[in-house]
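Report on the following structure.
Number of protein chains: 2
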Amino acid sequence: MKKGSISASRNSSKADTRCSSQEVECQNCGLDPICSILDYAEEESGVPDGVLLRRRPVSRGETIFRKEDPFHSLFAVKSGSFKTYVPRFDHTDQVVGFHLAGEMLGCEGMASEVYPYTARALENSSVCELRLEKLTGAGRPVEALQKGIIELLGKEVAFSHELIASMVHQTSEQRVAGFLLSISSRLDRRAMPSSEFNMGMSRSDIGNFLGLAGETVSRVLTKFQKQGMIRLKHKRVTILDGAAVQHLADGLD
Amino acid sequence: MKKGSISASRNSSKADTRCSSQEVECQNCGLDPICSILDYAEEESGVPDGVLLRRRPVSRGETIFRKEDPFHSLFAVKSGSFKTYVPRFDHTDQVVGFHLAGEMLGCEGMASEVYPYTARALENSSVCELRLEKLTGAGRPVEALQKGIIELLGKEVAFSHELIASMVHQTSEQRVAGFLLSISSRLDRRAMPSSEFNMGMSRSDIGNFLGLAGETVSRVLTKFQKQGMIRLKHKRVTILDGAAVQHLADGLD
DNA sequence: GAGTTTTTTTGATCTGGCTCAATAAAACCA
DNA sequence: TGGTTTTATTGAGCCAGATCAAAAAAACTC
Chain A
49 MKKGSISASR NSSKADTRCS SQEVECQNCG LDPICSILDY AEEESGVPDG VLLRRRPVSR
109 GETIFRKEDP FHSLFAVKSG SFKTYVPRFD HTDQVVGFHL AGEMLGCEGM ASEVYPYTAR
169 ALENSSVCEL RLEKLTGAGR PVEALQKGII ELLGKEVAFS HELIASMVHQ TSEQRVAGFL
229 LSISSRLDRR AMPSSEFNMG MSRSDIGNFL GLAGETVSRV LTKFQKQGMI RLKHKRVTIL
289 DGAAVQHLAD GLD
Chain B
49 MKKGSISASR NSSKADTRCS SQEVECQNCG LDPICSILDY AEEESGVPDG VLLRRRPVSR
109 GETIFRKEDP FHSLFAVKSG SFKTYVPRFD HTDQVVGFHL AGEMLGCEGM ASEVYPYTAR
169 ALENSSVCEL RLEKLTGAGR PVEALQKGII ELLGKEVAFS HELIASMVHQ TSEQRVAGFL
229 LSISSRLDRR AMPSSEFNMG MSRSDIGNFL GLAGETVSRV LTKFQKQGMI RLKHKRVTIL
289 DGAAVQHLAD GLD
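Chains A and B supply the protein sequences, listed in that same order.
According to our numbering, the first sequence is numbered sequentially starting from 49.
According to our numbering, the second sequence is numbered sequentially starting from 49.
The following block contains the structure:
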């Protein structure tokens, strides 16, 4: 059984050349537990290339699925970033998450048969698409695959709970500090540069997600910079004093 | 293949007699998709009574598992209610959810091997406990079971997202209105009385969960009563004008 | 690369909900 | 049952963060 997943071994030559941001390695990708199983399965039964797992570029502003679309695929972000959001009755949108390189997109649709939110690229990106409806046939290691999916969903639930727990009570500074750390640690987990990174999302996207006005996010980031905790250059953030940011996020001042 | 699940057919005589609140029917219970599979499995292989699935009473204030306990079982609330919470660094607790009759408890621990929060009974209650470590043996319909778990987790994720989406931006009145509707619809889903019910949790538990001060919850509930939308009698709530509550929760005024 | 649009920054004002505090009402318990 | 503890209600004052507004900076477009 070879080590790399099929997306790496077969599709890497098709990488999106427009995209300047760094690409996550397959062994650091959120799909890997599933992808690796497929890799094995493929060797066993000879799945046609590109049917199960497809790599493709996504331009800034493009959506890969919309709320209420019938569920068909899981996605992994290979490069770039996405925001997920749901429309509100007042015709504004509520951002429910950001998805960075190496992270999953769409697994919440597995149970309900439709995607529960719209996913839109924040910059030129690329994704791996895993078409799940092709997986129900015989001869597949369904049990192992399901185990991988359970693991993914479990983590997602745990993460959501953490988010709820933390977010509701925090001040604006705690929220923004926590947000920076969240991005940083998520990049770190995927072996991407984590102390200097691009935030593809706008200030108001961040504010919307954190339950703050965009102006407040701007003010807080400026304040952090003045205090020497971070350096700001447009959308590029450098964390200069991670311990101080952590301290703030924890509400210890 | 018989219809009812084993918890109903075998354990109903052991019901907790101290508990005055109504009990959810097995076919309306969150464990049912899994429970029914077990039922079938049992007929196939003859599992000893009470090993896999155990019914037991839980007194007010008692915990059924604590944060960081090793994961061993899924629980379904048969009667009564629970709160789940995590400790915060400042020695206060953060309530992350309430679990009513018919709802699941503990599934978030499946992935991480430990329970990610503590579950405490808000009143005298009873639960069905499904010991999952006994399920890994051969001869079980693991695939079907996993499918049930995936479904449960998927719903949980979708619910959390909804919660995040709605909560962060809402006013205190929207939050409280939404909270009342959430309880009502969850009771309705399990075929329990849904326009008049007991809220086992305290005002400050609700406030903690919603990100409000207990005093604010109290003020808002009183206001709702003065407006004739609800009737309050201690912990007992009657929804008199559901449409108005819904209207408020949606922020349409 | 100039003109247009969008996003960000910064300032001034205002308000929803928190905090502190004091009763009042329930729940608990011997 | 009466006394104790916990929980809920109600009031007064204050502040974090929203909103409105306007200028500055980036980001697109042709």
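Using N, Cα and C, we set each Cβ at its ideal position, and we do this for glycine too.
Looking at the backbone, the Cα of B:K283 and that of B:G78 are separated by about 25 Å. Within 8 Å of the CB of A:L170, no CB atom of chain B is found; the nearest one sits about 18 Å away. Chain A has a Cβ within less than 7 Å of the Cβ of B:G202.
The beta carbon of A:M158 sits closer than 7 Å to some beta carbon of chain B.
For B:I231, the nearest beta carbon of chain A is not closer than 7 Å to its own beta carbon. For A:V106, no CB of chain B lies under 7 Å from its own CB, so it is not counted at the interface with that chain.
By the beta-carbon neighbour count (other beta carbons within 10 angstroms, threshold 16), B:Q222 is buried. Contact residues of the stretch 238-271 of chain B toward chain A are N256, F257, L258, G259, L260 (C-beta to C-beta distance below 9 Å).
Residues I254, L258 of the same chain have their beta carbon placed closer than 7 Å to that of A:F227, with the five preceding and five following residues left out of the count.
Taking a C-beta cut-off of 7 Å against chain A, the contacting residues of the stretch 200-227 of chain B are L201, G202, K203, E204, V205, A206, S208, H209, L211, I212, A213, M215, V216, H217, listed in chain order. DSSP places B:D289 in the coil class of the three-state scheme, outside both helix and strand. When C-alpha distances from B:G196 are compared across B:S242, B:V143, B:Q275, B:C155, the shortest belongs to B:C155. Per DSSP, the continuous beta strand (DSSP E) segment holding B:Q142 begins and ends at 141-148. With a contact defined as Cβ atoms closer than 8 Å, A:T286 and A:R279 qualify at about 4 Å. A contact between stretches requires three or more CB pairs, one per stretch, nearer than 8 Å, and the stretch 155-171 of chain A meets this requirement with the stretch 131-139 of chain A. Residue-level contact by beta carbon holds for B:Q194 and chain A, with a gap shorter than 7 Å.
Secondary-structure assignment with DSSP links B:C77 through no beta bridge to anything. Bridge pairing for A:V268: absent [DSSP]. Residues of chain B with a Cβ closer than 9 Å to the Cβ of A:Y165 are, in chain order, H209, A213.
Runs of the beta strand (DSSP E) lying entirely within the stretch 222-280 of chain A, each at least 3 residues long, are 244-246 in chain order.
In this structure, A:A297 places its C-beta atom within 7 Å of the C-beta atom of A:A225.
Residues are counted here when their Cβ sits less than 8 Å from a Cβ of chain A; for the stretch 273-296 of chain B the count is zero. For A:I112, the closest Cβ of chain B is not nearer than 7 Å. Not a single CB atom of chain B sits nearer than 7 Å to the CB of A:F130. Straight through space, the alpha carbons of A:S208 and A:I198 are spaced by roughly 15 Å. Annotation for B:G145: T132 place their beta carbon closer than 6 Å to its own, counting only its chain and skipping 5 residues before and after. A Cβ of chain A is located within less than 7 Å of the beta carbon of B:V134. A:H147 is a Cβ neighbour of A:V125, given a cutoff of 7 Å.
Nearest to A:S129 by C-alpha distance, out of A:F245, A:L201, A:T264, A:G157, is A:F245. What A:Q75 touches in chain B, judged by beta-carbon distance under 8 Å, is nothing: the nearest beta carbon there is about 20 Å away. The C-beta of B:V144 comes closer than 7 Å to at least one C-beta of chain A. Here the alpha carbon of B:E171 sits roughly 20 Å from the alpha carbon of B:D236.
Residue pairing by DSSP places B:L122 opposite B:L178 in a beta bridge.
Rounded to the nearest whole angstrom, the C-alpha separation of B:S160 and B:E204 is 16 Å. Residue pairing for B:S127: DSSP places it in a beta bridge opposite B:E71, B:S174.
Nearest C-alpha to B:V143 among B:F123, B:A169, B:M158, B:G150: B:A169.
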